[in-house]
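Shown next, in structure tokens, is the structure this report addresses.
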Amino acid sequence: MAGAEFPKDKYILSRRLDGFFASLYRMAGFIGRFFKEVFRPPFEFSEIIRQCYEVGYKSLSLICMTAFITGLVFTKQSRPSLSEFGATSWLPSLVAIAILKALAPLVTALICAGKVGSNIGAELGSMKVTEQIEAMEVSATNPFKFLVVSRILATTIMIPILAFFFGGIGLFGSYVDVHLHENTSFALFFEAAFQKIQFADFYVSIVKAIVFGFTIGTVGCIQGYKATKGTMGVGRAANSSVVISMFLIFIEEVLIVTVANAIRAI
Amino acid sequence: MPLSNTIQQEKNRVIALSNVYKAFDENEVLRGANLDVLPGENVVVLGRSGTGKSVLIKIISGMLLADSGHVEVLGQDVSRLSQRELQALRLRIGFSFQSSALYDSMTVQENLLFPLVRNKRHLSRKEKNTAVETVLDAVGLLQTLKQYPSELSGGQRKRVGIARTLILQPELMLYDEPTAGLDPITSTEINALIREVQSRFKTTSIIITHDLACAKSTGDRVAILLDGLFHKEGTFAEVFADKDPRIQSFYDYNFTQ
Ligand SMILES: Nc1ncnc2c1ncn2[C@@H]1O[C@H](COP(=O)(O)OP(=O)(O)OP(=O)(O)O)[C@@H](O)[C@H]1O
Ligand SMILES: [Mg+2]
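So, in structure tokens, the structure goes:
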């Protein structure tokens, strides 16, 4: 990305701050380019599908396992405090709120930031340092479209779907525990669970998952694209993809919830 | 040489660089380089590591922009091209990378199909496969069709890289250190391949190297890049007849190794 680099010794604010703003500028340019190229043919359909498979299918088992355990353990740990007030019948509703409103998008995103984000960073990073990206460019192919657009689309599409699975399986985990202790039926559990959930809650969770997915793909691609020579650069790209996307996910989580609550208060 | 002949040559030049200047921050890499390449000719660019040889061919292929100077490739001013025109120009240029740059998530066949699928959409599947087999056969590696780059030797990767650039039938080939890191026998084979490409596909080539054996056998003309400028041009014998100690040290170094 030409133009984002500042002169070496002349800092406008300080070295770190300048670097921070330079990276924001780079990120904005990258995102702008994504939106410019995503709608412009030719489209790399088969690559998009392959990436969806890579991102979605290959993370599915991990997400499902985590979801099941989360639902089960969360229910187990919440029971004693609720039973103190004789309110164990509130368990399904409490767990549903926790999982569907907060945990499903967030935990899915964090897992994918680790699994998918690092993968994208390392893959693009190694392609960058071994000149494979330049090789695409000189063979008159648009590497941005082939590599970046397909990956960002894949994470943006697949993370909401994975979060959906997380929600379903997490509730199922909770049901298993509730069923074992309180002998509640499946229908009764889910009726109780969805009592306090509104449609708007789903919307917010879906928006969150989409934003998180977009963040993971974008950050991974940016870090991979700017990897510098050597294997060190590849490791650093993978590592920083995870750290930066997790950091952004937390900020986005807080922002989205705040905005959503403000809108609802109106 | 009669004047009319000279003018004819000026018009025909495949590459015309004049006063090309390129710096990265304070690092002045090219400082007014001039070079002309005529059709069908193999020009070897010799220079020590870090003198900007790779930068030079990246400027020729439009991957980097020169800070100043004139870069004309296949009759077009590279600095003035739009993205679309640049892509069209690149279809006429083959670039063999120093590191081979094969896509390691794809088989050899998929590597070769990659530029073809995206740039020759009118070809049928069968025609594409035939094209892949033809170029792979030309570099003598038809048996590697289904293998992954990680399963190939360094020399084989170089050949596949060259095949991948040949598949779009370029008029101009740019080889970045085709023999670097290869044993002398494999190097000789690559040198022969470069000559074969020249005669069989009628390409013009720039070969970048610091291997004098490669320079001697593949180059019709040799140009020495020193401190960002071309210092001496001519046939191999002419260039090394020069008593400039920097050129001589280059010669001595290669033959005392
Ligand atoms: N993209 C870039 N950004 C900054 N500096 C660069 C860039 N590309 C090359 N350079 C610098 O330009 C100089 C020349 O690099 P180049 O790769 O052209 O050398 P070379 O002659 O090809 O050497 P070698 O024989 O080792 O490949 C080096 O000092 C390098 O650090
Ligand atoms: Mg080089």
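Protein chains in written order, with this note's numbering: chain A, 14 to 279; chain B, 39 to 295.
For every residue, glycine included, the Cβ atom is placed at its ideal position computed from N, Cα and C.
Spatial distance of residue i from residue j (CA atoms)
i	j	result
A/L261	A/I269	12 Å
B/A251	B/L264	19 Å
A/R29	A/Y38	14 Å
A/T231	A/F34	17 Å
A/A135	B/R69	36 Å
B/I223	A/L166	47 Å
B/M101	A/L160	18 Å
A/A148	B/F135	8 Å
A/V256	A/T88	30 Å
A/F98	A/F81	26 Å
A/Y238	B/T89	25 Å
B/A230	B/G113	29 Å
B/R233	A/L137	35 Å
B/H269	A/V142	31 Å
A/A176	A/A122	8 Å
B/A176	B/L154	17 Å
B/L59	B/N72	Here residue 59 of chain B is Tyr; the residue named in the question, Leu, does not match the sequence. Going from the Cα of B/Y59 to the Cα of B/N72 covers about 10 Å.
A/N155	A/E57	10 Å
A/V267	B/L174	56 Å
B/S287	B/L84	13 Å
A/P93	A/T83	17 Å
B/R128	B/L150	16 Å
A/V224	B/R86	49 Å
A/W103	A/A206	8 Å
B/S255	A/G243	32 Å
A/I112	A/F52	35 Å
A/V68	B/V109	43 Å
A/Y70	A/V247	25 Å
A/R277	A/R164	34 Å
A/E144	A/S152	12 Å
A/D63	A/N252	Just to set this straight, residue 63 of chain A is Arg in the shown sequence, not Asp. About 24 Å.
A/F48	A/H192	48 Å
B/S99	B/D290	32 Å
A/I264	A/P118	14 Å
A/D214	A/A115	10 Å
A/P173	A/E204	24 Å
B/F274	B/I244	15 Å
A/K209	A/I61	37 Å
A/A15	B/Q236	With a pLDDT of only 43 at A/A15, under the threshold of 50, the placement of this residue in the model should not be trusted, and no figure is reported.
B/R259	B/G192	27 Å
Paired residues, beta bridge with residue i - DSSP
i	result
B/K60	B/L68
B/K270	B/I262
B/H108	B/S56
B/G132	B/M211
B/I244	B/V81, B/L212
B/V75	B/I53
A/Q64	Paired residue(s): none; A/Q64 is not in a bridge.
B/Q114	B/V111
Heavy atom of ligand 3 within 6 Å of residue i beta-carbon
i	result
B/Q136	Ligands displayed in this structure: ligand 1 and ligand 2; ligand 3 is not among them.
task: Using a Cβ-Cβ cut-off of less than 9 Å, give me the residues of the segment 261-272 of chain A that come near chain B, in sequence order.
output: Within the segment 261-272 of chain A, contact with chain B at the beta-carbon level (separation under 9 Å) is assigned to no residue.
query: How would the residue list near ligand 1 read, in chain order, if you kept each one whose beta-carbon is closer than 5 Å to any heavy atom?
result: In chain order, the qualifying residues are B/F62, B/V67, B/S87, B/G88, B/T89, B/G90, B/K91, B/S92, B/V93.
- prompt: At what residue ranges does the segment 207-239 of chain A contain a whole run of the alpha helix (DSSP H), taking only runs of 4 or more?
  reply: Runs found: 212-238.
- request: Could you run through the segment 203-215 of chain B and flag, in chain order, every residue whose CB is less than 8 Å away from some CB of chain A?
  value: Listed in sequence order: T203, L206.
query: Hey, which unbroken runs of the beta strand (DSSP E) at 3 residues or more fall wholly within the segment 155-240 of chain B?
result: Taking 3 residues as the minimum length, the beta strand (DSSP E) runs contained wholly in the segment 155-240 of chain B are 210-214, in order along the chain.
- request: Please go through the segment 131-178 of chain A and give each complete alpha helix (DSSP H) segment of 4 or more residues, from N-terminal end onward.
  value: For the segment 131-178 of chain A, whole alpha helix (DSSP H) runs of length 4 or above, ordered along the chain, are 131-142, 145-151.
field: Positions along the segment 137-155 of chain A whose CB lies within less than 7 Å of some CB in chain B
entry: Residues passing the 7 Å Cβ filter: T143, E144, Q145, E147, A148, E150, V151, S152, A153, T154.
query: Listed from N- to C-terminal order along the chain, which residues in the segment 109-127 of chain B have their beta-carbon within a distance smaller than 8 Å of any beta-carbon of chain A?
result: Correct list: Q125, A126.
- prompt: Along the segment 156-169 of chain B, what residues have a CB closer than 8 Å to any CB found in chain A?
  reply: Residues of the segment 156-169 of chain B with a C-beta atom less than 8 Å from some C-beta of chain A are R156, N157, listed in chain order.
- request: With 9 Å as the limit, tell me which residues of the segment 136-153 of chain B have their beta carbon closer than that to any beta carbon of chain A; keep them in chain order.
  value: Correct list: Q136, S137, S138, A139, L140, Y141, D142, S143, F152, P153.
task: Give, in chain order, every residue of the segment 58-75 of chain B whose Cβ lies closer than 7 Å to some Cβ of chain A.
output: Within the segment 58-75 of chain B, the residues whose Cβ lies closer than 7 Å to some Cβ of chain A are D63, listed in chain order.
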